[in-house]
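The structure appears below as structure tokens.
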Amino acid sequence: MSETIFSKILDGEIPSHKVYEDDAVYAFLDISQVTKGHTLLIPKKASANIFETDSETMQHIGAALPKVANAIKAAFNPDGLNIIQNNGEYADQSVFHLHFHLLPRYENDIDGFGYKWETHEDQIDDKQKAQIAKEIVAQFE
Ligand code: 5GP
């Protein structure tokens with residue numbers, strides 16, 4: 001895997017504001033601070049994204065996510081928190097070392113985040129949904 005800015009952060013070559021670390025993961029403030037406390041959680045074992053990681057790495061991430069989320073909650077009492085994870089350029093991934101954004105959300109404070117979440121329930125019927133599910137299920141067989 002090619003070296004990314006996050007491996008340089010892990011090596012200490014590039015400085016970062018660390019918020020949590022254990023043997024397998026590292027969490028630090030995202031430079032962009034889309035919302036106050038915007039944090040990135042990364043595994044120390046490098047992989048490009050969700051398509052290339054392994055289940056052991058994800059177990060470490062899974063154990064750390066609620067810890068970091070609860071620390072942010074206790075620190076800033078946000079009104080909510082989104083966990084966002086981008087895979088591939090088209091899905092807005094810009095750094096190709098697996099990472100999870102923890103984005104605290106604030107009703108009455110700086111909050112520079114928004115989603116467009118368009119539903120298509122009226123355009124896809126049950127028969128089509130069954131076919132879509134079938135095509136995914138087939139990948140497990
Ligand atoms: P992506 O777009 O790949 O999901 O997210 C990459 C994130 O890395 C962006 O939110 C960006 O602000 C953050 N980022 C890029 N370079 C640096 C850096 O040098 N330091 C820190 N702390 N964050 C960075």
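Numbering (the UniProt record's numbering) for the sequence shown: 1 to 141.
Each residue gets a CB set at the ideal place from its N, CA and C atoms; glycine is no exception.
Would you mind giving the Cβ-Cβ distance between residue i and residue j, rounded to the nearest angstrom? I have them listed as a contact below 8 Å.
i	j	result
L40	A48	With a Cβ gap of about 15 Å, L40 and A48 do not count as contacting.
A24	K8	Incorrect: roughly 19 Å between the Cβ atoms, too far for contact.
Does the beta-carbon of residue i, which I'm using as the reference point, lie nearer than 6 Å to any heavy atom of the ligand 5GP?
i	result
D111	no
Q93	yes
N86	yes
S47	no
I136	no
Helix, strand or coil for residue i? Go by DSSP, reduced to three states.
i	result
K18	strand
H60	helix
D111	strand
N86	coil
V68	helix
F96	coil
Would you kindly report the start and end of the unbroken alpha helix (DSSP H) that includes residue i?
i	result
A133	D126 to V137
L41	No alpha helix (DSSP H) contains L41, which is instead part of the beta strand (DSSP E) from T39 to P43.
D11	I5 to D11
Starting from residue i and walking both ways along the beta strand (DSSP E), at which residues does that stretch end?
i	result
residue 146	The first residue shown for the chain is 1 and the last is 141, placing residue 146 beyond what the model contains.
F28	V25 to L29
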